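Numbering (our numbering), first residue to last: 992 to 1080.
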């Protein structure tokens, strides 16, 4: 199964944080699942790193290369459940 992780779920999974539930951890570790991350989450993490609000053990590019099977190329309007006027272009 393909799992699309939000920013916090990915950070908690990567850092082995206790806030990630046992079920979520098991799903992330299952060899039958592939982990995916929105480009918006990558952008969010990079901003947090630049502001000093997020520290990872390795550079973000290395973390993504080593731990994700693929990245979504963009967030599209069809991914957004909010009214179209409030979705990113």
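Ideal placement from N, C-alpha and C gives every residue a C-beta, glycine not left out.
Given the structure is predicted, the values throughout are model-derived calculations rather than measurements.
Hey, could you find the ends of the beta strand (DSSP E) residue i is sitting in?
i: residue 993; result: 993 to 996
i: residue 1025; result: 1025 to 1028
Using a Cβ-Cβ cutoff of less than 7 Å, which residues in the same chain neighbour residue i once the five nearest sequence positions on both sides are dropped?
i: residue 1010; result: 1003
i: residue 1024; result: 992, 994, 1018
i: residue 1015; result: 1000
Output yes or no for whether 8 Å exceeds the beta carbon distance between residue i and residue j.
i: residue 1029; j: residue 995; result: yes
i: residue 999; j: residue 1026; result: no
Looking at the secondary structure, which residues open and close the alpha helix (DSSP H) in which residue i lies?
i: residue 1055; result: 1051 to 1058
i: residue 1016; result: 1013 to 1020
Consult DSSP for residue i and reduce its assignment to one of helix, strand or coil.
i: residue 1007; result: coil
i: residue 1039; result: helix
Does any residue of chain C bring its CB to less than 8 Å from the CB of residue i?
i: residue 1001; result: Of the chains in the structure shown, none is chain C; there is only one protein chain.
Give me, in chain order, the residues of the same chain whose beta-carbon lies closer than 6 Å to that of residue i; leave out the 5 immediate sequence neighbours on both sides.
i: residue 1039; result: 1045
i: residue 1047; result: 1054
Quick one: is residue i buried, meaning 16 or more other Cβ sit within 10 Å of its Cβ, or exposed?
i: residue 992; result: exposed
i: residue 1012; result: exposed
Going by beta carbon distance, what residues of the same chain come within less than 8 Å of residue i, once the five residues before and after it are set aside?
i: residue 1051; result: 1033, 1036, 1037, 1040
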